[in-house]
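Quick note on numbering: the sequence shown equals residues 312 to 717 in the working numbering.
Shown next, in structure tokens, is the structure this report addresses.
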Amino acid sequence: MSRFDDMVNGLRDEMDIPESVWRGYVQTLEDLPERGGYHNKDNGRISGSKNKNGGRGSDGMGSRNSNRRDGGRRKAAGGISVLKAAAFILVSVTLLGTSAYAVGKHFGILDFLRGGNENAVPPVEAEDLIVPVTEQEQEKKEITDGMLADYTVKEAMCDSESIYVVIEAKAKEEGRYFFVPEDAMLEDPVRDWGLDSDLSAGEYAASKNLEIKHVNAAIQNTDELGIAVSTIYFQYVSDDVMDIMVECGKTVKEQTLDVVCTGILWDETMTDMEDIMRTEIRFTLTDISNSVAAAYAPSGAAQIPGTEAVIESAQVTQTELGTYLEILFKYNSEDWSKMPCFRLAGAGAGEEHRIRMASGTEILNENENLWKLSLTKMELGDRIELEAYNAETKEVYGTFELVRQG
Numbered sequence: 312m313s314r315f316d317d318m319v320n321g322l323r324d325e326m327d328i329p330e331s332v333w334r335g336y337v338q339t340l341e342d343l344p345e346r347g348g349y350h351n352k353d354n355g356r357i358s359g360s361k362n363k364n365g366g367r368g369s370d371g372m373g374s375r376n377s378n379r380r381d382g383g384r385r386k387a388a389g390g391i392s393v394l395k396a397a398a399f400i401l402v403s404v405t406l407l408g409t410s411a412y413a414v415g416k417h418f419g420i421l422d423f424l425r426g427g428n429e430n431a432v433p434p435v436e437a438e439d440l441i442v443p444v445t446e447q448e449q450e451k452k453e454i455t456d457g458m459l460a461d462y463t464v465k466e467a468m469c470d471s472e473s474i475y476v477v478i479e480a481k482a483k484e485e486g487r488y489f490f491v492p493e494d495a496m497l498e499d500p501v502r503d504w505g506l507d508s509d510l511s512a513g514e515y516a517a518s519k520n521l522e523i524k525h526v527n528a529a530i531q532n533t534d535e536l537g538i539a540v541s542t543i544y545f546q547y548v549s550d551d552v553m554d555i556m557v558e559c560g561k562t563v564k565e566q567t568l569d570v571v572c573t574g575i576l577w578d579e580t581m582t583d584m585e586d587i588m589r590t591e592i593r594f595t596l597t598d599i600s601n602s603v604a605a606a607y608a609p610s611g612a613a614q615i616p617g618t619e620a621v622i623e624s625a626q627v628t629q630t631e632l633g634t635y636l637e638i639l640f641k642y643n644s645e646d647w648s649k650m651p652c653f654r655l656a657g658a659g660a661g662e663e664h665r666i667r668m669a670s671g672t673e674i675l676n677e678n679e680n681l682w683k684l685s686l687t688k689m690e691l692g693d694r695i696e697l698e699a700y701n702a703e704t705k706e707v708y709g710t711f712e713l714v715r716q717g
């Protein structure tokens, strides 16, 4: 087991993700080697075929406490666990399916999204939101001496509710290192993050006489941007180059966002957190999306049976990238085990969100809470059927109708 395992505070759920193939580079598909990918998601690590996916989650790099409670939460003393940042830990699992990579190019946002989860593919109009980030547009600072990798932001995208950033880790000295995801262990199959090989990480590195280095990246200024939880994807490019995509929801609505990313690198010789090598990257991201919001309210009784929760209102926000549903509700109890989660009625287990991101409950004040669903782009109409349920016991509390106002 990794010696960093005890720092991970995450959720351990299992889910099946359908396979799909990478988009783009069609003209090179017949000539280029196939590779897969590696996904660091806020669920739980599982073993099995490359169709199986999971992950152990945290909410970013840095050490802050989030006030958002996730729907797949597990119990802790005195109630449910709060999603807490685990220092430099964003644990990884397989997601991306078979793919082809064009030599000399990085894996872009759409490559990552279309690589493993068909439900995560954004509509065509969302592609216009993706912007390349040039070297001149980013300010880099190596926080620790002797950093072995160059970290560079390649692409970014945002709308009013979410952010995506692709960051590349590239060794400064070629031919010496083998880059693996941050929490990868020696026995992990290298196929998990994109190599066409049946070897484990330890076997692969030994066969090529390479030193294993663990890499990761995340958005650092999570409080400023209103980020509670992130999802990290890893994709092998070459032995000492790894592309990493950070995906997260946000609550800050400003058009111009100052984003601070951190890239890290560590190996087994590093015994203290202070030894971990870090690079800071700053850049500005502008929200060029169109955002339209509509208010909804319960059409009847809003008290959720068996709980102290009452639905107050809801808002649907539509952008080119997706559909976002926010449910405002009161919860007048200290028994967090009965706090409801919400999903569209008819959504099965594992389909609560119907998109890439896990959502959760954001505590606004003592009794008011906000639950957010990040959905694939869809039209919800004038009436929405909403289901309240318990994520731990799977008990369904009831179904409610929300009616568009105005």
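We put the beta carbon where it would ideally sit given N, CA and C, even for glycine.
Going by CA-CA distance only, name the one from I622, M458 and D507 that's closest to T573. Taking only the C-alpha atoms, the option nearest T573 is M458.
Is Q716 helix, strand or coil by DSSP? Coil.
Strand pairing of W504, partner residues [DSSP]: Beta-bridge pairing links W504 to no other residue.
When the Cα atoms are used, what is the spatial distance from G373 to S610? Any reading at G373 is ruled out, since the residue's pLDDT is 28, under 50, leaving its predicted position unreliable.
Please classify A396 as buried or exposed, where buried requires at least 16 other C-beta atoms within 10 Å of its C-beta. In this prediction, A396 scores a pLDDT of 26, lower than 50, which makes its location untrustworthy; the coordinate-derived value is nonetheless stated afterwards. Under this definition A396 is a buried residue.
Output the distance between the C-alpha atoms of S541 and Y475, rounded to the nearest integer angstrom. When rounded, the distance between both Cα atoms is 10 Å.
DSSP state of A516, grouped into three classes? If DSSP states are grouped into helix, strand and coil, A516 belongs with the helices.
Alpha carbon to alpha carbon, what distance is there between N520 and R487? So the two alpha carbons sit approximately 8 Å from each other.
Within a Cβ cutoff of 8 Å, which residues of the same chain sit near P616, ignoring the five residues on either side of it in sequence? Closer than 8 Å at the Cβ level, and outside the excluded window around P616, lie Y708 and G709.
Three-state class that DSSP yields for E645 in the structure shown: Note: E645 maps to coil in three-state DSSP.
If you draw a straight line from the alpha carbon of P433 to that of R425, how long is it in whole angstroms? Distance between the alpha carbons of P433 and R425: 9 Å.
So, at 6 Å on beta carbons, what are the nonlocal neighbours of R593 in its own chain, with the 5 sequence-adjacent residues on each side left out? Non-local beta-carbon contacts of R593 in its own chain, meaning distances under 6 Å to residues more than five positions away in sequence, involve E450 and V571 in chain order.
Between the C-alpha atoms of A699 and M468, what's the straight-line distance to the nearest angstrom? Looking at the two C-alpha atoms, the distance is approximately 32 Å.
Once you ignore the five residues that flank Q629 on each side, which residues in its own chain have a CB closer than 6 Å to its CB? The residues are V603.
Terminal residues of the beta strand (DSSP E) in which I420 lies: Segment I420 to L424 is the alpha helix (DSSP H) holding I420; no beta strand (DSSP E) there.
Per DSSP, which one or two residues make a beta bridge with R694? V714.
DSSP three-state assignment for Q566, whether helix, strand or coil: Of the three classes helix, strand and coil, the one that applies to Q566 here is coil, per DSSP.
Give every residue of the same chain whose Cβ lies closer than 6 Å to the Cβ of G513, excluding the five residues on either side of it in the sequence, and list them in chain order. Counting only Cβ-Cβ distances below 6 Å, and skipping sequence neighbours, we find L497.
Using the C-alpha atoms, what's the distance from D534 back to N676? Going by the C-alpha atoms only, they are around 17 Å apart.
Judging by CA-CA distance, which residue of G560, L691 and E565 is the nearest neighbour of E673? Closest option to E673, judged by alpha-carbon separation, among G560, L691 and E565: G560.
Find out if the Cβ-Cβ distance for the pair A612, Q716 is shorter than 8 Å. Cβ atoms of A612 and Q716: not closer than 8 Å.
Give the straight-line distance between the Cα atoms of D507 and E493, rounded to the nearest whole angstrom. D507 and E493 have their C-alpha atoms roughly 20 Å apart.
What is the DSSP secondary structure of M556, reduced to helix, strand or coil? Residue state, collapsed to three classes: strand.
L639 and L681: beta carbons closer than 8 Å? For the pair L639 and L681, the CB atoms are nearer than the 8 Å cut-off.
Tell me the DSSP secondary structure of V432 in three-state form. Residue state for V432 is assigned as coil, using DSSP reduced to three classes.
What's the C-alpha gap between A620 and A437? Roughly 36 Å between the two C-alpha positions.
Output the distance between the C-alpha atoms of M584 and S624, rounded to the nearest integer angstrom. Near 44 Å, if we compare the C-alpha coordinates of S624 and M584.
Cβ shell of K688 (< 6 Å), same chain only, five flanking positions each side left out: Closer than 6 Å at Cβ, skipping near neighbours: P434, G633 and T634.
Segment limits, beta strand (DSSP E) that includes L686: Segment E679 to L686, the beta strand (DSSP E) holding L686.
Who are N527's beta bridge partners in DSSP? The partner list for N527 (beta bridge, DSSP) reads I575.
Which residues in the same chain as D551 place their Cβ atom closer than 6 Å to its Cβ, once the five residues preceding and following it in sequence are excluded? For D551, same chain residues with a beta-carbon under 6 Å away, outside a window of 5 residues either side, are A482, Y488 and F490 in chain order.
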